[in-house]
Amino acid sequence: MAMSRAGRKRLILVLAVLFLGVAGVGAYALKQAQTQRNMARWLEDGTAAYERGDYPEALGLLSKYVSRDKTNAEVLLNFADIRLHVPLDDGRHLHQARGIIQQALSVDPDSLRGRTMLMEVFSLSGLSTEARDAAERVLQLDPTNLNAHKTRLSVFIAMDRQDEIIAAATRMADAFPDNLEVQHHAFKTLSAAQADEKILVDFLDSCESRFAGRLGMALMRAEYLFAKGLRVLPDTPEADALEAQFYTSIRLAMELPAETSQEAIDLIVFLDIFPSTDAEHTLERFMRDPELAESLSSFAAERAWSRGQFEDAGTLVLTHIPDLTEAPAEALGWVALSGLPEADNARELLRTRAAPDAEAWLALAEAHALLAAGDSAAAARAIPNALPRSSTLETLAQYLRGKVQMENGELARASQTWGELLDASPSWSLARRALAEAYLDLGHPLDARKLLSTDRYASSGVLPIRIEVAIDEAGLTRPPPATRDSYQSITLTLDTLPESPTILCLAARAALATGRVREAGEFVDQLLSQQPLEPSQDIAILATRLAKLDSGRAAALRAAVATGITDPATTLMLAGADANAGEPEQGLARLQAGLAQASDADKLDWELLLAYYRDRIGDPEAAARLLELSALHPDNRFVQLTVLKSNSVWNTPASLGPVIQRFRNITGDRGLQWRLYNNKLELALIDRDSDKAVERANSIMF
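Note that this note's numbering has the sequence shown beginning at 25, numbered continuously upward.
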């Protein structure tokens, strides 16, 4: 029977729908197959990149995979580890990694790796309670997980909970009865927590039965005897007996071989407490052991660098790893920071390595070089805000951040930065010395003196002399048992110091500060005999202090450096000495000569300080130039701060507001309190009311 026209249309429509449905199913199947192939490729390539340490590449590939499949716990944990190795400046990588790990644990709640990673992320995030609880969960799965034991211990130490500290240290030691390094760590923790004497003695006796003849055991005994000796009265039979036992134990430790690099490091760190060369000789002995040399080279390099011995740090690495192509990133980093000719090669090798730790070492080496070149702004940009997980990298970055803050005049912030560094890494003499310099610039020489007294590596050179001079110039009293003033101190050391202009300036200042004007004149005469003299801040300060007591010699000093051109800040100080002596035109001539010879890069600083000086000596047109420079360079912190220190600007409320706002835009509210260079009064810009700000500032002197 023939089909009607309407029937044929319906049939065609049905067939078309069926065809389209089949085609759609086929297309969907093809798309799914393609997606599966892509996912397999992303997983394979991403895992391969992860295993070879190319974390940025792995991050992009595995992020595509886990966005489509969140059921593979091991892949999720790999992805979380990658996220941790590619940090973000704002710390969001920690939050993201925590979420990924928790997703993996929802798939496999008893994953030891997942529980361990969650504990570590909580610790990195500063979530102490969560880290402690996560560590306990790890120990339920693995009672011998050392990181979990150490995490619990560190949390209790941070909380200062003595009973829990002792219990956690004992539990950790019991979990590793045959591991001397763990026993040593537990013992030091028990000692620091002031555990009962019986607990300490029993612990030592137990270790002695298992580790007799080991370096670490002899060191533990020496540490115990040393600490106990500090608690007894000196010059008593008990003190003498403890001292004899201590020397027997420490000499034994120095003679025994180190079975691990950690044993060697623990001994060197302990020997560094004492003012002798024992630590150096012992380290040299360990470094001659080929099985220890390479693993100790980074420790030895950091130890040298943290004392300011930059070239020695690089040499230590190069001596024991002569082929830098085989060196780990940390070893390359110390060479790059050393200033040796090989530093350039080390930086190039770091550039070829696509790994976050290599990138971090390279960035910090470049920041250090920029600071040495005087470019603190570029150095600040070079220091990464986020670093791979490394206490060494973080300590180094923190030191360099403090240097940037110091160069920018942010003395209070630099002091805080270095103080926090020393709390975590007390062996960093370089940071202790830098902190003492900051204290001195802030007008706290007694604090600087106290700080240096605890570190023989930081208390060498000219800085201690500067501190002693500053104490007498400020009329401060040294705490007992100090009996010598700065003049007596410097004259005792003159035979061991070169008679440089710096030393002679300080000696003259010490004499003036202690009322010895005649002796000061003799030192000035010695200084003048060394002409030609280079302009310096020391000469500027001495000429200023000498002006009222011996105007002739003060004038001779200023004349001796009249034609020398140095940096803008030093020239400004010399110009200030001219102004204080009643010769402002000579100071003006100094700054104008400096501006005439300045390079394009330095011209702004010279123009700024010239205008500042003109304002100081009463030029009515100077304020307009300062405000013009402030408007022309709204993002330059040094310009805004210098303009704010100008008397004319401070006395003109209408002009003050815009400059304060520019300064706020640069620093934020956290940076609104500063110490002036004269270190006498604090400039409190946080006042919103311009009248109050002017009233507060009127008492500030140049």
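The C-beta atom is built at its ideal place from N, Cα and C for all residues, glycine as well.
Check: Roughly how many whole angstroms lie between the Cα atoms of V541 and V493?
Finding: Going from the Cα of V541 to the Cα of V493 covers about 15 Å.
Next item on the list: Pick out whichever of L424, T517, T666 has its Cα sitting closest to the Cα of L455.
Entry: Inspection of the sequence shows that residue 455 is occupied by Ala rather than by Leu. Distance from the Cα of A455 is smallest, within the candidate group L424, T517, T666, for L424.
Item checked: Reduced DSSP category for W358 - H, G, I as helix; E, B as strand; rest coil -> Residue state, collapsed to three classes: helix.
Next item on the list: Please report how far the alpha carbon of A20 lies from the alpha carbon of A622, in whole angstroms.
Entry: Given a span of 25 to 726 for the chain in the structure shown, any question on residue 20 remains unanswerable.
Checklist line | 7 Å CB neighbourhood of S400 in its chain, flanking five on each side removed | finding: Close CB contacts of S400 within its chain, under the 7 Å cut and outside five residues either way in sequence, are with V428, E431, N432 (chain order).
Next item on the list: Can you have a look at K222 and say buried or exposed, based on whether 16 or more other CB atoms are within 10 angstroms of its CB?
Entry: With fewer than 16 other Cβ atoms within 10 Å, it is exposed.
Check: Would L446 pass as a contact of A460 if the rule is Cβ separation under 8 Å?
Finding: For L446 and A460, no; Cβs fall outside 8 Å.
Note to self: I'd like the ranges of any alpha helix (DSSP H) spanning at least 4 consecutive residues and lying wholly in the segment 274 to 322.
What the structure shows: As far as the segment 274 to 322 is concerned, its whole alpha helix (DSSP H) runs of at least 4 residues are 285 to 295, 302 to 311.
Check: Is there contact here, the segment 267 to 280 with the segment 187 to 202, by at least three beta-carbon pairs under 8 Å?
Finding: Too few Cβ pairs lie closer than 8 Å, so no.
Next item on the list: Confirm, please, whether the CB-CB distance from V162 to A155 is below 8 Å.
Entry: No. Outside cutoff.
Notebook entry, point to check: Roughly how many whole angstroms lie between the Cα atoms of G499 and T515?
Noted result: Computed Cα separation, rounded: 20 Å.
Next item on the list: Can you give me the Cβ contacts of W329 inside the same chain, cut-off strictly under 7 Å, excluding the 5 residues immediately before and after it?
Entry: Correct list, in chain order: A337, W358, L361.
Margin query: Tell me the DSSP secondary structure of F200 in three-state form.
Written below: If DSSP states are grouped into helix, strand and coil, F200 belongs with coil.
Item checked: Sufficient close CB pairs (3 or more, under 8 Å) joining the segment 403 to 423 to the segment 367 to 387 -> Yes, they touch.
Margin query: Could you check whether the segment 106 to 123 touches the segment 89 to 96, counting it as contact only if at least three pairs of C-beta atoms, one from each stretch, sit closer than 8 Å?
Written below: Remark: fewer than three beta-carbon pairs, one from each stretch, lie closer than 8 Å, so the segment 106 to 123 and the segment 89 to 96 are not flagged as touching.
Check: Just how far apart, CA to CA, sit W674 and Q664?
Finding: W674 and Q664 have their C-alpha atoms roughly 12 Å apart.
Item checked: Integer-rounded CB distance, given that L136 should sit under 8 Å from G107 -> Here residue 107 turns out to be Arg, not Gly, going by the sequence shown. Between L136 and R107 the Cβ distance is about 20 Å, and since that is not below 8 Å, they are no contact.
Item checked: Separation of P167 from M141, as counted between CA atoms -> Rounded to whole angstroms, M141 to P167 spans 16 Å at the Cα level.
Notebook entry, point to check: Can you name the start and end residues of the alpha helix (DSSP H) that R454 belongs to?
Noted result: It is Leu, not Arg, that sits at residue 454 in the sequence shown. Counting along the chain, the alpha helix (DSSP H) containing L454 begins and ends at 453 to 465.
Next item on the list: Check whether the Cβ atoms of V99 and L67 lie closer than 8 Å to each other.
Entry: The answer is yes: Cβ separation under 8 Å.
Check: Are the segment 516 to 529 and the segment 361 to 375 touching, with three or more C-beta to C-beta distances below 8 Å?
Finding: The segment 516 to 529 vs the segment 361 to 375: no contact.
Note to self: In this structure, how does DSSP classify L500 when only helix, strand and coil are distinguished?
What the structure shows: L500: coil per DSSP, three-state reduction.
Checklist line | Reduced DSSP category for T339 - H, G, I as helix; E, B as strand; rest coil | finding: In the structure shown, T339 adopts helical secondary structure according to DSSP, grouped into three states.
Notebook entry, point to check: Quick one: is the Cβ of A73 within less than 7 Å of any heavy atom of the ligand MN?
Noted result: The ligand MN is not part of this structure, which contains no ligands at all.
Check: Is N703 helix, strand or coil when you go by DSSP?
Finding: At N703, the pLDDT of 31 sits below 50, so the modelled position is not reliable; the number obtained from the coordinates is stated separately. Three-state result, N703: coil.
Note to self: According to DSSP, is R694 part of a helix, a strand, or is it coil?
What the structure shows: Residue placement at R694 cannot be trusted, given a pLDDT of 42 that sits under 50; the coordinates are not used to answer.
Check: Cβ of R508 within 8 Å of Cβ of V548?
Finding: Going by beta carbons, R508 and V548 fall outside the 8 Å limit.
Check: Among I491, A448, S453, W452, which one has its Cα closest to the Cα of G467?
Finding: Minimum Cα distance to G467 is reached at I491.
Check: Would you call V225 buried or exposed, if buried means 16 or more other Cβ atoms sit within 10 Å of its Cβ?
Finding: Label assigned to V225: exposed.
Notebook entry, point to check: Are V293 and S321 close, meaning C-beta to C-beta below 8 Å?
Noted result: Their beta carbons are not under 8 Å apart, which means V293 does not touch S321 by this criterion.
Next item on the list: Could you check if A531 is buried or exposed, using at least 16 other CB atoms within 10 Å of its CB as the buried criterion?
Entry: By the 10 Å Cβ count, A531 comes out buried.
Check: Sorted by chain position, which residues of the same chain lie with C-beta nearer than 7 Å to A288's C-beta, five sequence neighbours on each side aside?
Finding: Closer than 7 Å at the Cβ level, and outside the excluded window around A288, lie A282, F310, L316, L320.
Item checked: the segment 295 to 313 in contact with the segment 258 to 266 per 3-pair CB rule at 8 Å -> Fewer than three pairs of CB atoms, one per stretch, sit closer than 8 Å, so the segment 295 to 313 makes no contact with the segment 258 to 266.
Note to self: Short of 7 Å in beta carbon distance, which residues of its chain neighbour R699, apart from the five on each side in sequence? Order them along the chain.
What the structure shows: The pLDDT assigned to R699 is 35, lower than 50, so where the model puts this residue is not dependable, and the model offers no usable value.
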